[in-house]
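Here's the structure we're looking at; comments come further down.
Numbering (our numbering), first residue to last: 9 to 357.
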């Protein structure tokens, strides 16, 4: 049993029989619990004093919404630092960072050096933003994107698209590595996206959640024809000119949250819904781009075949190393397609 003063004094407290005081130990353990950011706020106001770590947690939570003024500051930083107002924005998917290497006279910004910018944590994503010229057009390319499974909210994952818009971008090219669900797709094929199934949206997650700023776009944007048909048709013509039309398809993409790959049951359900390829990105970026009235072109590099039959074979399981290897082998074709499409856009600017 505790002595009268044991829990009120510092140091190691003990009971009358010499054993450590359990109440004091419990109190010490409670003292080191860091409250969640939500528990420290009341009506968006801090209601208690914070340690530096607690303050950073609250600050990051408040920045998830990224108000217009903050995004404008990031855009101004990039435009001033590069001296360029880009017309085309490119998001490079896993293993496809070499798309940015095509840019001439590049000005490179590391994500960690851009004010209020997130940091990419996934292998195959260099975490750099490159601004320069490609086929006579000013472009901005992200070598690495942000994923929901990294712990970022969707608004933060897609925030760079709004930065691009305020920098002057009118066209968004989004690329990704994806698993092929359509049995006609082979590893190394390219799927031009003409629609998507937003599985994260089914669960109530959207990059547009929260107050709407009409300076970006309307409260309720329509997503019919989100993927520009003219750009899809131009890409098909380019694939014919390159002699790769047999490995280029037009299909439907779906984004799941990750980081786990899909179960057999999930893949079967997606196929029944008309999905041809599945990944862990892109859809929230497209939603944000369309909200900003940008023209969108997106494609998936099929880096693995999704198994839709139950099997004990380990070689049929998806893995990130396979994704990276296939992307590396197909970089040249993907880069050429993007370059030619940029050249086509240049004719209309």
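We put the beta carbon where it would ideally sit given N, CA and C, even for glycine.
From a predicted model like this one, the values you see are computed outputs, not experimental measurements.
Each residue's CA atom was taken as its position, placing residue 230 and residue 300 some 11 Å apart. The beta-carbon distance between residue 120 and residue 152, rounded to whole angstroms, is 11 Å. This is too long to meet the 8 Å contact definition.
In this structure residue 74 does not touch residue 173 by the C-beta definition: roughly 12 Å separates them, more than the 8 Å allowed. Counting along the chain, the unbroken alpha helix (DSSP H) around residue 76 starts and ends at 76–90. Nearest C-alpha to residue 197 among 98, 293, 357, 342: 342. Sequence-distant Cβ neighbours of residue 320 in its own chain, meaning closer than 8 Å and more than five residues away, do not exist here.
Distance from the CA of residue 235 to the CA of residue 89, rounded to the nearest whole angstrom, comes to 31 Å. When rounded, the separation of the alpha-carbon atoms in residue 254 and residue 261 is 19 Å. DSSP places residue 217 in no alpha helix (DSSP H); its state is neither H nor E. Under the 8 Å Cβ criterion, the stretch 272–291 does not count as touching the stretch 221–230, having fewer than three qualifying pairs.
Residue 103 holds the alpha-carbon nearest to the alpha-carbon of residue 333 among 143, 103, 201. Of 251, 286, 250, the smallest CA-CA separation from residue 266 is found for 286. Assignment of beta strand (DSSP E) within the stretch 170–195, counting only whole runs of 3 or more residues, yields 179–188 in chain order. Residue 96 holds the alpha-carbon nearest to the alpha-carbon of residue 239 among 96, 87, 91.
Between residue 136 and the set 257, 122, 207, 142, the nearest pair of CA atoms involves 122. Secondary structure of residue 198 (DSSP, three-state): strand. In the DSSP assignment, residue 150 falls within the beta strand (DSSP E) that extends over 145–151. The continuous alpha helix (DSSP H) containing residue 296 extends over residues 291–299. The beta carbon of residue 264 is closer than 8 Å to those of 207, 208, 270, 274, 286, 287, 288 in its chain, skipping five residues each way along the sequence. Annotated three-state conformation of residue 269 is coil, per DSSP.
Residue burial annotation: residue 179 is buried, with at least 16 other C-beta atoms found within 10 angstroms of its C-beta. The C-alpha of residue 309 is placed about 8 Å away from the C-alpha of residue 187. In the structure shown, the three-state DSSP call for residue 239 is helix. Comparing alpha-carbon positions, the option among 126, 249, 162 lying closest to residue 211 turns out to be 162.
In the three-state DSSP reduction, residue 155 falls in the coil class, being neither helix nor strand. Distance from the CA of residue 98 to the CA of residue 244, rounded to the nearest whole angstrom, comes to 19 Å. Under the DSSP assignment, residue 139 falls in the beta strand (DSSP E) whose first and last residues are 136–142. In the three-state scheme derived from DSSP, where H, G and I count as helix and E and B as strand, residue 119 is classed as helix. For residue 166, the CB contacts under 6 Å within the same chain, skipping 5 residues up- and downstream, are 215, 292, 293, 296 in chain order. C-alpha of residue 147 to C-alpha of residue 139: approximately 6 Å in a straight line. With contacts defined as CB atoms closer than 8 Å, residue 326 and residue 185 fail to qualify as a contacting pair.
For residue 262, the beta-bridge partners assigned by DSSP are 205, 286.
Leaving aside the five residues that flank residue 145 on each side, the residues in its chain whose CB is nearer than 7 Å to its CB run, in chain order, 95, 96, 350, 353, 354, 357.
If you draw a straight line from the Cα of residue 116 to the Cα of residue 329, it is about 27 Å long. In its chain, beyond the 5 residues on either side, 220 have a beta carbon closer than 6 Å to the beta carbon of residue 227. Where residue 326 is concerned, there is no enclosing beta strand (DSSP E), because DSSP gives it neither an H nor an E.
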